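> According to the numbering used here, the sequence shown is numbered sequentially starting from 4. Heads up, the beta-carbon is just placed ideally off N, CA and C, and yes, glycines get one too. Since this is a predicted model, take the numbers as computed values, not measurements.
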Amino acid sequence: MAYSLRELRRDVTHHNTPVQRRIAGWLWQMRNARARRSARPDPAALRVVFAIPLIGRHRAENWEVVQQNLSATLTSLRRQRDPRWTAVICGQDAPECVAWDDQVRFVRFADTPPSFDRTQKVVHLRDHVERALGGAGYFFPLDADDLIHPNVVAHILNDDNRAGYLIEKGYMLDHAALDLAALQPPDEDFPKATHFHRNCGSSSAIYFDFDSGADYRTALWARGNHRKVMRNMAYLGIRIAHVPFHAAIYVMNHGDNLRQKRGKMSGKMQHFDLSPIRDPNQRHDIGVAFGLAEIFGARWIAHTDAGCGAVPPVRNSVSPPAPENAPRPR
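What follows is the structure, encoded as structure tokens:
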């Protein structure tokens, strides 16, 4: 990809050009090779840590809407078929709607920067995982409005490649209209679709093992922009695998999207014209897979021609049904 002059100057200043990153990555691999090879974490102790930055009440258009969106995200996590996960929410204000427990925790962010602070909160969460949680698992930054397929944790931890996973296939949901669009590699059915991870930051999980002695702090920092995760991790010799099913829903147009606040919604909303999902049977399958009737209630059922009906609760199990059960665009 060609650099603009501005990007080149910025990357040189931050030691972020391809040459600089290759050298730094090679040195990182040399320093950490022994610790990474000798580490033998207990698979039963592995977990996916969902790092959720939450907008502060002072910046929210509607704090109640923020909490409703967070509740939807947490509902999708509670539906995970593998219970080996933790969600850590970072914000200035602890939401009142959350039932806090060992799986869902809050970390206060003391600063109130004048600009958007999502990145700072993710860094704070990464530091919290290292200092307070430790152990081994996968660090998954997750926006406080997106939805995760119930097989995601099971797939990551049962496959356990000790590198990381990228979601390239998923969906976009218009929260106001409950329309769906495909975000995936283009194919015959959706020739104008684009990959999920190029659109949504809730799209990658990076391996860490803070008990090994290896410098996984640097590895988590190297993730960088969600569109460049595979490239950035490759500099460290870390080969990211694709999740083989449609694994997440990028939720837009609820009034408190960061992109919406920045006045950049039009580019995202065009996906509902380019790659719409209108087939009622497919909408039904997606609704059942992600529990959208449970999350949105009668509003989802009314907007789904086939009707999702009641979705039974998903039981936690370390051995989930095969991910091939996930719906595929038709």
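In the DSSP assignment, find the unbroken beta strand (DSSP E) run with residue 52 in it and report its ends.
Element bounds for residue 52: 50-56.
> DSSP three-state label for residue 91, please.
Strand at residue 91.
> If you drop the 5 nearest sequence neighbours on each side, which residues of the same chain put their C-beta closer than 6 Å to that of residue 108?
91.
> Starting from residue 299, trace the alpha helix (DSSP H) both ways and give me its first and last residue.
Residues 295-299.
> The beta strand (DSSP E) with residue 144 in it runs from where to where?
Run containing residue 144: 139-144, per the beta strand (DSSP E) assignment.
> Could you pull the start and end residues of the alpha helix (DSSP H) that residue 181 belongs to?
No alpha helix (DSSP H) holds residue 181; DSSP gives it neither H nor E.
> Just to confirm my understanding: we take residue 311, look at its own chain, exclude 5 residues before and 5 after, and list those with CB closer than 7 Å. What are they?
The pLDDT assigned to residue 311 is 37, lower than 50, so where the model puts this residue is not dependable; a value taken from the coordinates is nonetheless given after this. Excluding positions up to five away in sequence, the list reads 287, 290, 291, 295, 296, 303 and 304.
> Taking DSSP as the reference, what is the three-state secondary structure of residue 319?
At residue 319, the pLDDT of 39 sits below 50, so the modelled position is not reliable and the matter cannot be decided from this model.
> Between 141, 253 and 224, which has its C-alpha nearest residue 244's C-alpha?
The shortest Cα separation from residue 244 among 141, 253 and 224 belongs to 141.
> Can you give me the Cβ contacts of residue 44 inside the same chain, cut-off strictly under 6 Å, excluding the 5 residues immediately before and after it?
Closer than 6 Å at Cβ, skipping near neighbours: 139 and 212.
> Applying the criterion that 16 or more other CB atoms from any shown protein chain within 10 Å of the CB defines a buried residue, is residue 125 buried or exposed?
Classification of residue 125: buried, given that the 10 Å Cβ count is 16 or more.
> Are residue 136 and residue 94 closer than 7 Å when you measure CB to CB?
No. Outside cutoff.
> Quick check on the burial criterion: 16 or more other C-beta atoms within 10 angstroms. Buried or exposed for residue 206?
Flag for residue 206 reads buried.
> Using the Cα positions of residue 254 and residue 35, report the straight-line distance between them to the nearest angstrom.
The straight-line gap from Cα to Cα measures roughly 38 Å.
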